[in-house]
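Structure first, then comments.
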Amino acid sequence: MAETDPSATSRRAVLLAAGSAGVAALASGCAGSTTKAGPADRVDVVPVTVSAGTATAATAAPACVLSPESGEGPYYVPDAQVRPDLVEDRGGVPLRLDLTVVRAARGCRPLAGVALDVWQADALGKYSADGATFLRGTQLTDASGTVSFRTIVPGWYAHIAPHVHVKVHPDARTEAATQLFLPEDLLRQVYRRDPYSRRKAPAHPNTRDDRFAAKGKLLTLSPVADGAGYRASFTLGVR
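According to this note's numbering, the sequence shown is numbered sequentially starting from 31.
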């Protein structure tokens, strides 16, 4: 399936990423922010330092940090099932994603009722297609602007850093897509386990993917151990 051209969207939201800082820390740093967003096709990137897997910033709480969209990528299917559990029959290391959407222009307030799509490859690098629905779904954010998906650590395919696709729909006419990456050391540990270890071809290192090199630092999850798997949070802001 061909890659989707991001320029085809008539009106896009600007995504702002605050890593795993969480909406509480994000909002506390927004009121006095002087960060300005550029047009939708050009935004400035400001580094963020946060403590992994928590809602507490390691330094001063970041303002709404502008981050470029990384594109929709392949295999997007509109009108995916509304559900929190995406796994179905796919084997893999469990990953819970807690994703929060905020409105950056108004003090980073949480956005309720916003549609958020997630889709990804399975442990063997395959996407659902031809009527299959594994590892893809959508939800509406709750009153705190948050949705939680139960999925697995994604496998790799082609010459691309492993990732999870995310698309935000702030309203019926606006959408913004990005991809969330995982730390290289975590992937190495996970890929030693079954069913990932069945792959003969080696995983593609994050640093050899041009998209990760350009944007990965602001779009990398900070998972923490959670039972037999991991849990990670990420905050996305829209203008």
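Where is the CB? At the ideal position from N, CA and C, for every residue including glycine.
Here the structure is a predicted model, which means the values were calculated and not measured.
_Quick check on this structure: which residue in Ala-258, Lys-245, Pro-108 and Thr-265 has the alpha carbon closest to the alpha carbon of Gly-161?_
Pro-108
Here's the rule I'm using: 16 or more other beta-carbon atoms within 10 Å means buried, otherwise exposed. How should Ala-262 be labelled? buried
- Message: Applying the 10 Å Cβ sphere with the 16-neighbour rule, what's the burial state of Leu-170?
- Response: Counting every other CB atom within 10 Å of its CB across the protein chains shown gives Leu-170 a total below 16, marking it as exposed.
_Sub-8 Å separation of Leu-127 and Val-148 beta-carbons_ = Taking C-beta atoms as the reference points, Leu-127 and Val-148 count as a pair closer than 8 Å.
(message) I need the DSSP call for Glu-214, collapsed to helix, strand or coil.
(response) Note: Glu-214 maps to helix in three-state DSSP.
Q: In the DSSP assignment, find the beta strand (DSSP E) that holds Arg-166 and state where it starts and stops.
A: 166 to 170
Rounded separation between Ala-240 and Asp-201 - CA only
Here residue 240 turns out to be Asp, not Ala, going by the sequence shown. For Asp-240 and Asp-201, the distance between alpha carbons rounds to 31 Å.
Proximal residues to Ala-255 (C-beta, below 6 Å), its chain only, five neighbours per side dropped: none
Go through its chain and collect everything with a Cβ distance to Asp-119's Cβ below 7 Å, but skip five positions before and after it. Phe-164
Own chain, CB closer than 7 Å to Leu-220, minus 5 neighbours either side, in chain order: In the sequence under discussion, the amino acid at residue 220 is Val, which differs from the Leu named in the question. Cβ within range, chain order: Val-123, Val-183 and Tyr-226.
### Task
Determine the burial state of Arg-218: buried for a count of at least 16 other Cβ atoms within 10 Å of its Cβ, exposed for fewer.
exposed
C-beta contact flag for Leu-129 and Arg-229 at 8 Å: no
* Can you name, in chain order, every residue of its own chain whose Cβ lies under 6 Å from the Cβ of Ala-173, other than the five neighbours on each side? -> Ala-142
| request: Out of Val-177, Tyr-106, Val-144 and Lys-245, state which residue places its alpha-carbon closest to the alpha-carbon of Asp-115. | output: Among Val-177, Tyr-106, Val-144 and Lys-245, the Cα nearest to that of Asp-115 is on Val-177.
- Item | Identity of the residue in Ala-258, Gly-257 and Thr-265 nearest Leu-251 by Cα | Thr-265
Q. Among Arg-223, Pro-140, Ala-188 and Glu-214, which residue has its Cα nearest to the Cα of Ala-258?
A. Cα-wise, what sits closest to Ala-258 is Arg-223.
| query | Nearest-angstrom Cα distance between Phe-211 and Arg-203? | reply | Distance between the alpha carbons of Phe-211 and Arg-203 is about 27 Å.
Going by DSSP, name the residue or residues bridged to Arg-126. Arg-180 and Arg-261
Run through DSSP, which three-state label would Ala-267 get?
Correcting the residue type first, residue 267 is Gly in the shown sequence and not Ala. Strand at Gly-267.
Quiz item: When the Cα atoms are used, what is the spatial distance from Asp-152 to Glu-214?
Solution: 17 Å
Nearest neighbour of His-193, chosen from His-199, Ala-233, Ala-206 and Thr-168 [CA to CA] = Ala-233
Exposure of Arg-133, with buried meaning 16 or more beta-carbon neighbours within 10 Å: buried
**Item:** Close Cβ partners of Asn-236 (< 7 Å) along its chain, the five nearest in sequence each way excluded
**Value:** Ala-191, Phe-211, Glu-214, Phe-242 and Gly-246
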